[in-house]
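Using the UniProt record's numbering, you'd call the opening residue of the sequence shown number 1 and step up by one each time.
Heads up, the beta-carbon is just placed ideally off N, CA and C, and yes, glycines get one too.
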Amino acid sequence: MADQLTDDQISEFKEAFSLFDKDGDGCITTKELGTVMRSLGQNPTEAELQDMINEVDADGNGTIDFPEFLNLMARKMKDTDSEEELKEAFRVFDKDQNGFISAAELRHVMTNLGRS
1 MADQLTDDQI
11 SEFKEAFSLF
21 DKDGDGCITT
31 KELGTVMRSL
41 GQNPTEAELQ
51 DMINEVDADG
61 NGTIDFPEFL
71 NLMARKMKDT
81 DSEEELKEAF
91 RVFDKDQNGF
101 ISAAELRHVM
111 TNLGRS
């Protein structure tokens, strides 16, 4: 999966990996992952962090090395919505179909989010 990434993407991911890998040992631990996620405003539990690591931990050592990190990033990119799905979501927000999402339209969607 990671073989579908461009050199530029791999280079960006290498930079991101070094931000996660606080001690520079070439592996991201749950502690390092937690630190970065908390700095991004997330508050994952230890179990959630371990699940994230287990998802791509090919060698089963409990940490993420760079090749595993690349696989994770490639998987996340593959999971991102297609352009058509994004346009459809935009249309849901843009009630009057004027090409813009007003504060009122955003408020409407946000207040009705999760209600069936």
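Decide if residue i is buried, meaning its Cβ has at least 16 other Cβ atoms within 10 Å, or exposed.
| i | result |
| --- | --- |
| F69 | buried |
| F100 | exposed |
| E12 | exposed |
| D8 | exposed |
| L86 | exposed |
| A89 | exposed |
| M110 | exposed |
Any idea which residues DSSP pairs residue i with across the strands?
| i | result |
| --- | --- |
| I28 | I64 |
What is the DSSP secondary structure of residue i, reduced to helix, strand or coil?
| i | result |
| --- | --- |
| A58 | coil |
| residue 181 | With the chain covering 1 to 116 only, the question about residue 181 has no answer from this structure. |
| T111 | helix |
With 8 Å as the threshold, decide whether the Cβ of residue i is near any Cβ in chain C.
| i | result |
| --- | --- |
| H108 | In the displayed structure, chain C is absent; only one protein chain is listed. |
Measure the beta-carbon distance from residue i to residue j and round it to whole angstroms, keeping in mind my assumption that it falls under 8 Å.
| i | j | result |
| --- | --- | --- |
| V36 | F20 | 5 Å |
| L5 | A74 | 6 Å |
Under 8 Å, with one C-beta from each stretch per pair, do the stretch 26 to 38 and the stretch 54 to 64 reach the 3-pair mark? Inter-segment contact for the stretch 26 to 38 and the stretch 54 to 64 is present: three or more beta-carbon pairs are separated by less than 8 Å.
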